[in-house]
Structure formats: structure tokens, C-alpha cells
Amino acid sequence: MSPERRATLALALLAAGVALAMLAFMTLGVKGSWAFVLQFRGMKLLGLILVAHAVAVSTVLFQTVTANRILTPSIMGFDALFVLSSTLLVAVLGSTALASVDARALFAAKLALMTCCSMALYRWLFLGEEQSLHRLLLTGVVFGIFLRTLAEFVQRLLDPNEFMVLSDMLFASFTGINPVLMVFGWALVGAVTLWLGMNLARLDVIGLGRPVAVNLGIRWRRDVLAVLGIVSVLVSVSTALVGPVTFFGLLAASLARLAVGTSRHAVLLPAASLTAMLLLISGQTILERLFAFNTALGIVIEFFGGVVFLLLLLKGGRK
Amino acid sequence: MRLGLAFLLVVVLAGISLWVGVSGISLARLAGGDPRDWLILWESRVPRMLALVLSGAAMAIAGLLMQIVIRNRFVEPSTTGTVEAAGLGLLVMTLMAPGAPVIVKMAVGAVFALGGTGLFLMVLRRVPLRDQMMVPLIGIILTGVLHAVTTFIAYRADLMQTVLAWTQGDLSGVLRGRYELLWLGAAMAVIAWIAADRFTLAGLGKDMATSLGLAHGRVLALALVIVSGVTAVVVVTVGTIPFLGLIVPNLVSLAMGDNMRRAVPWVAVSGAGLVLVCDILGRILRAPYEIPVGTILGVIGSFTFLILILRRRRDVA
Amino acid sequence: MIETRDLRKSYGTSLVLDGVSVTLPRGGITTIIGANGAGKSTLLSVISRLLSPDSGTALMDGEDIFRINGPELAKKLAVLRQENHLTARLTVRELVSFGRYPHSKGRLSDADRAAVAHALLWLDLNDLQDRFLDQLSGGQRQRAFVAMVLAQETDYILLDEPLNNLDMKNARAMMLILREAVRELQKTVVMVLHDINFASVHSDRIIAMKAGKVIHSGGPDEIVAPAILREIYDMDIEVREIENRRFAFYYG
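What follows is the structure, given as C-alpha cells:
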């Protein structure tokens, strides 16, 4: 089978899988009013799709600009950065001031704060001299821990009441998605996706690594910063909706690479997005309907994602 | 001599630690035999101070020991799955035998900790390690995986609060009668000191150690038992104190090189001192609330860790 | 013509380019030789704008290489580095098609496809074009990268040790391909070479570097001479002439 045919087939199968999972999610175990259940679940489904897409696409993009398959934005602490931005906002402005601000404006403020911080940080990490992948990985992981503990530390400094407000803002889960942010999130992610769709070839070239990409006329610094900016937006949306998830993106991106066997973004991006949707929607359906586990999906995903990460490390180490 | 000064500093810190807290106690009233002040001092402040000193010193030594036998600067119980596994063991005991005495729970925790460390070493053995940085990386991710398992079980059993108490080093609950196990941890740390030369030899690697006439496997096992024991004791009494065992030995080694026997007292004193400082800060910063010592050390520790990694980058370049 | 003016570059305390001013005329094959750490690859990286110098300029046909915008430069100058480890999983044809990116921005026209086909043919890659790069041998992969650079259809081609990892047969074939490209397509090829005899036999000009400086430049018959080689490599090298070509003997 030619590489193109294989990729097309994999995409078709994934799409079919996602359609099935959606159907199951919407219709399994409905009790009482269909109209109500469909509306309720429809809302949730839209949220899951958005999160899956944002996480998967941000992971693939991040791996493209860093030229590796193990790092992900959340392993590098992007989502911790979002938590920290939210915390700082509450700490500086206070919860009463925040309560009167429109949720979307607040989100926009956090997004701006986070994007600025991440640009500064990752510029320093990735645009410096070339260095060993493992050192970069370790730096990223420890940096993530640092950001998370720093956020926790600042939270502890807050007034308990403000802390409550913050918890409500942060500890969302796959089941309790904020509907106001969702419209906003869809608009943002939609715009970003459109831009990506128009720049697929450029992404492919960036994925060849700096020397080859520069040779082919890529303005490396500018383009990589643009992609990292997009990654910030996507991570912000998903973190705002469901809170931090560390290994989900890695799981989805790795499985998608396995499925389509190519790194061409025209194939890989939709494949990763579909894989993430399949994982999230079917996982949620199985846990919720079959086991009545409710919010445990995040935990299960973290487990498998962590195992995949270890396998990737071991595989990479043996080469 | 300098060690004596450092020791004195820790004594001063310990003294300050006795006087910081929500309910004020005063020297005058203590001298007057005020029963309330004596009660607070005896039942809460002294045990807390001792718990800080003991756990700080023991965890720092455990970290040093691990770095020497695994031969990597960046390992310590919380970057090798040891702490997380100990927590898992405690959780399992809480589920299966909630009524068991603390010492039994702790023993089971230690066994799990040993298992977790063993798992980590097994994973390590399967990778040809060309890169120093990979060892802690594998450990941290393994910790994440174990954490997911723990969280899942705790979540299902509605024990999240209990788990939180272990994952967060917090001494606000330490009272007389609830910290004494730490003496056991301290005893194990002393054994590590006595056997320091052997561990240093074992740290030269299997071939070298064997050719120098050392039963490498047995010494390694002893080291891991000590580390697991200390970890379990600390986790069950005060919770996780992250990165302490990593940063203290590294800073000490920067200052005075790598001979373990010489380093141990410094590591113990610095570990105790650092934990005391963090705890005092935690009690002052947001009084009357407390910031857990684990949180403060998490920030300081991960930041220092980061500096240590980046410093290496400059060395290599 | 590529010329540099007083290029300087240092890493930490070590100076790798120490005031390099050199002129590389158009046409022909120019090789840069020198001992390890002489600054050969650094020079090549600077004149291909992969590395910015601490001071000094590099000009291509009179224009500052760092001022020309990236996409424009990519149509005139191509560079291939020594290590080309890709994390992306691509087929040979996909990789070679990337050579057309500066011209097509990803939308291949018929002319682009013809250029890709031509490059594949030129490097004898037709049978391998649907294979993934990670399924190829080192030599085959190297050919695929050179095909990409040829498909770029630039006037200048800069190569950093293109013979690395190639066995005798493949190394010879690679040099012959490059000479043919120079002769038939009027390319200007500049490359860093380790093998002094390949440089002697195939170059039109040789530039010799030592400790960050260009110490000699000229035709092979000038450079491949015992006194000069001794200066470059700090060892005695015997030179013999066989059929009008000079060979260095340093194996004994």
C-alpha cells in the first residue's frame, strides 16, 4: 500500500470511529426527556471536541518546532503557566474585582498574560544554541514543576475566599465545561485552525529542523515564535475549559503518528485531532455510561499517557 | 569548626521555630510555670521542631545516599518514584487494614517504596544511559504514572483528602505522640553515615567495587532499604518534602566535594536547617494561616534544581 | 561571487573565525580544507546564513547575505549540513519536493514537479522515491538530501562534508554528480572536505584554513604541495603526481 493510501485510509477509519463514538455518547443510556438529554450532552460533546482538538493540535505543533516527539506543551509547563497566570490575576486584582469582569474579558486577559510569558520563556529555551534533547526535556519537566508549585504557593498566600474563587476557575474537569467560554473558545480555535490550514506547507518545512528550514527560506525566529504563540492560545483554551492535562496530548499525537505513518501536517494534524476526539469521547462514554466513573477520565488518560512517555523515552534511549 | 558554626545556626533556627505560632507563648510565663504555655511548648512546639530537624536531616541523607549508589546527581526519593510508591503503600494499608498501627503501615509503605525504587532501577537497566539527564527524567515520569494510579484508587475510595496529607509536607498536625517514628528514620540515617565508606565504594560502580572486594549487590540493597525506610517514615509522619534530598547534597558537594563520610554531617545539618527555615517562613508569611513546608520547598527546590541543570549546560558548552 | 569581510565568531573563549576575508568566484567547485576545529564548517555556516558572525559581513553578488530576505536567498543559495537527522517521517519524493518550497510555497506546479523528477533522476533515486527516509541506508539518505538541494535550483550550493558516511563507490559517484552539475547546470559548489585527495582531484580551487584563518587559497597544484600541506596540517605529507593529478600520501 502506498504511503498516501495508507494515510487516507487511517484518516477515514479515525473519522468513522469518532462518528461512532459521538453517536454512542449522545444516545447510550438515555432516561427521561430526549430533548433535554440531547441538549445537555450536545453541549458536553462540543466541549470535548474543542478540548481534544486544541490539545492534539498544540502538541503536534510544539513537536514540530522543537523537532522531537516526546516533548509536549504541557510537559514543558505551558498549562502550569496558565494556572499561574490565573492565580496572579486573582492575587493582583482580587476576586471581587474579578467577579464583576466579564468571563470572556478575563479569559482574554489571562491569554495575553500567558502568551507573553510563554513567548519570553520558550524563546530563551528553544531559540538559543542547540542542545541535548534530554537536557531540554529535563529542564522543561522541572520548569513545569516549578511553575506548578509556584502557582500553589501564590494560591496559599491568597485569602481563603479568593482561593475558593480561583479553585472554581481552575478545577474544571471533563464533565463541567463552562458554556460561556466555549463560544469564545470555538471562535479562537476556529480562527487558529484556519490559519494553520493555510500554512500547512510551511509547517512541514519547519518540521525539517532549523538548518534545512532556513536553507529553504523559512524565517526561523519569526515563524517559530508565531507557532509557539498559537500553541499558547490552544493550551489556554483547553486549560481554561478542563484544567491541566499533562500526558493527553502526547498520547493522542503518538497514536496518530503510528496510525498515519507520515509527518505531513495536512495528514498528521487532522489525524491527531481525530485520535484525541476518539480517545476523549469514547473514554468518557465508557467510563460514564458503563462504569459510572464520572470525572476519572483525566486520571486514566494521565496513566496511559505517562506509560507512553516512558516507552518513548526507552525506545529513544535504545537507538 | 565551620561545621560547628553551621550546627549552632541550626540550633538557633530550632529555637526560633519553638517561638513561632498562632498562640503566643512567652519566656516570662514559662518561667512562671504557666501550664498553658508549657502545654503548648511540650505538646506541639517541641515535637514540631524535632520533626522538622529529624525529617530534614534524614531526607537529605537519603538523597545523598541515592545519588551516590545510583551514580547520578539528580536523583532523590521524589524523583525516582520512591516517595510516590510509599504513598501508594500507605493508601493500600488504609484501604485494607485501616486499624493497623502506624508502624505497620509505615513498614508496608517502606516495602512499597522499595518496590517503586526497584521498578525505577529496572527501567534504568533497560536503557543504555548516555545522558545523565535521562535518569531523573525517567524517574519523574514514573512518579507521574504512579501518581495517576494512587489518585485513581484514592478517587474511587473517596480518600483524596488522606492522600493529600501525604503528598504535601505539612507539619501543622505534628503533636507529641505523632512524630516519634522519625527517630527511626534518624537511626537509619546514622547507619548510612557509619557505612558511608562502603557506599562511596559502591558508588564507583559494580566492576570497580567488586575488584576492591566489596559485595556490591548487598551494599546496594542496604542503601535502597535505608532510603525506602527513611522515605516511608517521613511520608507517613509529615508528608512529602520534595527536592530536599536533591538540592542539599548538590549544594554541599559544590562547596566541599564528594567524599560521603565528610559530606554526611554537612548534608544532615544543612537539610535540617533548610527545612526549619522553610517551616518558619511558612508560618510567618501568611499568619494566621500556614503554608505547608512542602509547598515552600517545592518552589525553592524546583528552582534550585533548574539552576543546577542549566549550570551543567554552561559547563558542557 | 561570494565574499566575506573580516568575519569573526567565537564560542565562549575559543575563537573559531579570526578575521576571515575570502572571495569565492562564480562557477566551479571550491573546497575548504583544514584540520579539525580550523573553522571550516563555521565559515560555511556563516556564508549560508545559518550562523550569524560576531562581526564582519558576508556578501553574495554584492548583497549582504543577512539582509536579503530568507525566501529570496533560498532561491539563489542552498546549503546542506553534515548531520541531517530528521524527526519528521517523510518519503524521498516528499523530501525532494521540499526543495521546491522557496519557489512554490507548497503548491507544486508542473514546472516544480519536473524539477523534482529531474533531481530524482540525477541522483538515481527513482526506485527509492516512495521509501521513507528512515528505511534508507546512510548513503541513500545523503543522496536524497543532495537531490533536495539540487531541486532547489540555486546558483550556489554549499555542502558540509557531503562525503561523510559514504563508502568509496558512493563518495566517488557523489563527486562526479556534483562535477556534472557544475559543468552542465553552471552551478557554483562550495564544500568542506576532509579527504585531501578528493579535494585535489575534483576542485577548481582549494581554500585552506587553520585556527580560524584562511592561510592559503589557490588551485590544487598550488595547495597540494608538501610545504603548504605541512603548514596546514602540521605533519609531513608526501605528494606525488600521477597523470597530472596530485595525490597526498599520509598513510605511512
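Residue numbers (my numbering), protein chains in the order written: chain A, -19 to 299; chain B, 7 to 323; chain C, 735 to 986.
Just so you know, even glycine gets a beta-carbon here, dropped at the ideal spot from N, CA and C.
Contacting residues, own chain, Cβ-Cβ under 7 Å from B:Ile74 (five flanking each side not counted): Indexing the second sequence from 1 puts residue 74 of chain B at position 68. So the qualifying residues of the chain are Phe205, Thr206, Gly209 and Met266.
Buried versus exposed call for C:Tyr745 [16 or more other C-beta atoms within 10 Å across all chains shown]: For this step, residue 745 of chain C is matched to residue 11 along the third sequence. Exposed.
Buried/exposed call for A:Lys299, threshold 16 Cβ in 10 Å: Taking the first residue of the first sequence as position 1, residue 299 of chain A is located at position 319. Caution applies to A:Lys299, whose pLDDT of 42 falls short of 50 and renders its modelled position unreliable; the model cannot decide the point.
Cβ of A:Arg136 within 8 Å of any chain B Cβ: Counted from its first residue, the first sequence places residue 136 of chain A at position 156. It does: the Cβ of A:Arg136 has a partner Cβ on chain B nearer than 8 Å.
Complete beta strand (DSSP E) runs within the stretch 135 to 183 of chain B (minimum length 3 residues, chain order): none
Residue of A:Val(-2), A:Arg21, A:Phe16 and A:Leu(-6) minimising C-alpha distance to A:Met6: Start at 1 with the first residue of the first sequence, and residue 6 of chain A comes out as number 26. Checked all of A:Val(-2), A:Arg21, A:Phe16 and A:Leu(-6); the closest Cα to A:Met6 is A:Arg21.
Cβ neighbour criterion (16 or more within 10 Å) applied to A:Gln264: As a position in the first sequence, residue 264 of chain A is number 284, starting the count at 1. Burial call: buried.
Beta-carbon gap between C:Leu897 and C:Leu927 smaller than 8 Å: Here the question's residue 897 of chain C lines up with position 163 in the third sequence. Here the question's residue 927 of chain C lines up with position 193 in the third sequence. For C:Leu897 and C:Leu927, yes; Cβs fall inside 8 Å.
C:Ala942 to C:Ser951 span [Cα, whole Å]: The residue you call residue 942 of chain C lines up with position 208 of the third sequence. The residue you call residue 951 of chain C lines up with position 217 of the third sequence. Their Cα atoms are separated by approximately 6 Å.
C:Val754 (DSSP reduced to helix, strand or coil): By one-based count along the third sequence, residue 754 of chain C stands at place 20. Strand, per DSSP.
Below-8 Å beta-carbon distance, A:Thr46 vs any chain B residue: Looking up residue 46 of chain A in the first sequence gives position 66. No, A:Thr46 does not count as interfacial toward chain B.
Cut-off 6 Å between Cβ atoms - residues of its own chain near B:Arg182, not counting five sequence neighbours on either side: Start at 1 with the first residue of the second sequence, and residue 182 of chain B comes out as number 176. Within the same chain, B:Arg182 has close Cβ partners Glu49 and Pro53.
Exposed unless 16 or more other CB atoms sit within 10 angstroms - verdict on C:Arg841: Within the third sequence, numbered from 1, the residue matching residue 841 of chain C stands at position 107. By the neighbour-count rule (16 or more Cβ atoms within 10 Å), C:Arg841 is not buried but exposed.
Proximity of B:Gly245 and B:Gln174 at Cβ, strictly below 8 Å: By 1-based counting over the second sequence, the position of residue 245 of chain B is 239. By 1-based counting over the second sequence, the position of residue 174 of chain B is 168. Cβ atoms of B:Gly245 and B:Gln174: closer than 8 Å.
Chain A contacts from the stretch 812 to 830 of chain C (Cβ-Cβ distance under 9 Å): Ala812, Val813, Leu814, Arg815, Glu817, Asn818, His819, Leu820, Thr821, Ala822, Arg823, Leu824, Thr825, Glu828 and Leu829
DSSP beta-bridge partners of B:Gly93: Looking up residue 93 of chain B in the second sequence gives position 87. Paired residues: none, contrary to the question.
Residue from B:Gln138, B:Ala34, B:Gly279 and B:Glu82 with nearest C-alpha to B:Gly21: Taking the second sequence and counting its residues from 1, the one referred to as residue 21 of chain B is at position 15. Of B:Gln138, B:Ala34, B:Gly279 and B:Glu82, the residue nearest in Cα terms is B:Gly279.
Buried versus exposed, by CB contacts within 10 Å (16 or more), A:Ser66: One-based indexing of the first sequence puts residue 66 of chain A at position 86. Counting Cβ neighbours within 10 Å, A:Ser66 comes out buried, since at least 16 surround it.
Burial state of B:Val322, where buried means 16 or more other Cβ atoms lie within 10 Å: The residue given as residue 322 of chain B occupies position 316 in the second sequence. Residue placement at B:Val322 is poorly supported in this model, since its pLDDT is 43, which falls under 50; the coordinates are not used for a value here.
Listed by chain order, chain A residues near B:Gly105 by CB distance under 7 Å: Taking the second sequence and counting its residues from 1, the one referred to as residue 105 of chain B is at position 99. None at all; the shortest Cβ gap to chain A is about 28 Å.
From A:Ser253, A:Leu258, A:Asp184 and A:Val213, residue whose alpha carbon lies closest to that of C:Tyr835: As a first step, residue 835 of chain C must be located in the third sequence, where it is residue number 101. Selected option, being the one with the closest Cα: A:Asp184.
Proximal residues of chain C, C-beta to C-beta of A:Ile198 below 7 Å: Counting from one through the first sequence, the residue named residue 198 of chain A turns up at place 218. The contacting residues are Gly804.
Where C:Phe832 meets chain A, residues with beta-carbon distance less than 8 Å: Counting from one through the third sequence, the residue named residue 832 of chain C turns up at place 98. Within chain A, the residues near C:Phe832 are Asp184, Val185, Leu188, Val192 and Leu196.
The stretch 756 to 763 of chain C contacting the stretch 804 to 820 of chain C, beta-carbon criterion three pairs below 8 Å: no
Min CB distance C:Leu991 to chain A below 8 Å: This structure gives no information on residue 991 of chain C, because the portion of chain C shown stretches from 735 to 986.
C:Met943 - DSSP class collapsed to helix/strand/coil: Along the third sequence, one-based indexing puts residue 943 of chain C at 209. Reduced to three states, the DSSP call for C:Met943 is strand.
Length of the line joining the Cα atoms of A:Leu138 and B:Ile302: Locating residue 138 of chain A in the first sequence gives position 158, counting from the first residue. Locating residue 302 of chain B in the second sequence gives position 296, counting from the first residue. Their Cα atoms are separated by approximately 15 Å.
Cβ-based neighbour list, A:Leu41, same chain, cut-off 6 Å, excluding 5 preceding and 5 following: In the first sequence, residue 41 of chain A corresponds to position 61, counting from 1. Cβ neighbours of A:Leu41 beyond the five flanking positions: Val207 and Val211.
A:Val288 to A:Ile50 span [Cα, whole Å]: For the purposes of this step, residue 288 of chain A is taken as residue 308 along the first sequence, with counting starting at 1. For the purposes of this step, residue 50 of chain A is taken as residue 70 along the first sequence, with counting starting at 1. Near 9 Å, if we compare the C-alpha coordinates of A:Ile50 and A:Val288.
Proximity test, Cβ basis, 8 Å: A:Arg244 and chain C: What you label residue 244 of chain A is simply residue 264 of the first sequence in a count that begins at 1. Cβ-Cβ to chain C under 8 Å: yes for A:Arg244.
Near-chain C residues of the stretch 166 to 181 of chain A - C-beta to any C-beta below 8 Å: Leu180 and Ala181
Option nearest B:Val129 by Cα separation, candidates B:Val275, B:Leu148 and B:Thr243: The sequence position of residue 129 of chain B within the second sequence is 123, counting from 1. Per the Cα distances, B:Leu148.
Own chain, CB closer than 8 Å to B:Ala192, minus 5 neighbours either side, in chain order: Counting from one through the second sequence, the residue named residue 192 of chain B turns up at place 186. The answer, listed in chain order, is Leu60, Ala63 and Ala64.
CB contact check: A:Phe126 to chain B, cutoff 8 Å: As a first step, residue 126 of chain A must be located in the first sequence, where it is residue number 146. For A:Phe126, the answer is yes, since a Cβ of chain B falls inside 8 Å of its Cβ.
Chain A contacts made by the stretch 283 to 305 of chain B, where a contact means CB separation under 8 Å: Leu291, Arg292, Tyr295, Ile297, Pro298, Thr301, Ile302, Gly304 and Val305
Three CB pairs or more closer than 8 Å across the stretch 83 to 92 of chain B and the stretch 110 to 126 of chain B: yes
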